């Protein structure tokens, strides 16, 4: 499957086209009378098949299911959420509603929430794993400040200016998981947009 994925790219199509032209020139150019060399003929046929495969694979359309699934993921994980993951330091408080979509995504199960495109599903599985890891750490390591809408990794009864070691470790873990998730999300979206031709 990965060979076909590589062939479907613009670079893959150009490479196979050039390889086919070179093989024809070198293998079959009638510079003087001679018997056809089976090895050269085989090289020509192989490159023609590779070029045709690249053109056929590049022409396939993404499924409606995959397109709508990607759109839903982007809706649940908008740019503001990615920016929050990328930039927030969990030593500081934050608004709880900024991660609402991540909690929904973390609970996704079943074939309706999987991509039909195998390569895209592999990338999504990596992202979903990072979402689950971050959401688990967020749920276990933060809580509301009083009764307000803000959340913090610092429990109300601890000194924020001089937190105990276990709170500092919790903050470090949250920052690391958030940073990793933001990178995985960026990589997934870049790959998916190319793959789905968006």
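In my numbering, the protein residues as written are 64 to 261. In this text, a Cβ means the ideal position worked out from N, Cα and C, and glycines have one as well. Being a predicted model, the structure only gives us computed values, none of them experimental.
For the alpha helix (DSSP H) assignment, the stretch 193-231 encloses no uninterrupted run of at least 4 residues. Judged by their CB atoms, residue 237 and residue 190 are not nearer to each other than the 9 Å cut-off. The criterion of a C-beta distance shorter than 9 Å is not satisfied by residue 250 and residue 133. A distance below 6 Å between beta-carbons, with the five flanking residues on each side excluded, links residue 207 to the following residues of its chain, in chain order: 214. The C-alpha of residue 173 lies about 46 Å from the C-alpha of residue 105.
Nearest in C-alpha terms to residue 141, of all of 193, 162 and 157, is 162.
Counting the other Cβ atoms within 10 Å of the Cβ of residue 129 gives 16 or more, which makes it buried. Residue 232 and residue 258 have their C-alpha atoms some 38 Å from each other. Distances from the CA of residue 199 to each of 244, 143 and 125 were compared; the closest alpha carbon is that of 244. Excluding five sequence positions before and after residue 165, the CB atoms of its chain that fall closer than 6 Å to its own CB belong to 194 and 198, given in chain order. Residues of the same chain with a CB within less than 7 Å of the CB of residue 217, apart from the 5 flanking positions on each side, are 223, 226 and 230 in chain order. In this structure, the CA atom of residue 248 is about 14 Å from the CA atom of residue 150. For residue 133, the secondary structure class from DSSP, reduced to helix, strand or coil, is helix. The C-alpha of residue 203 lies about 32 Å from the C-alpha of residue 131.
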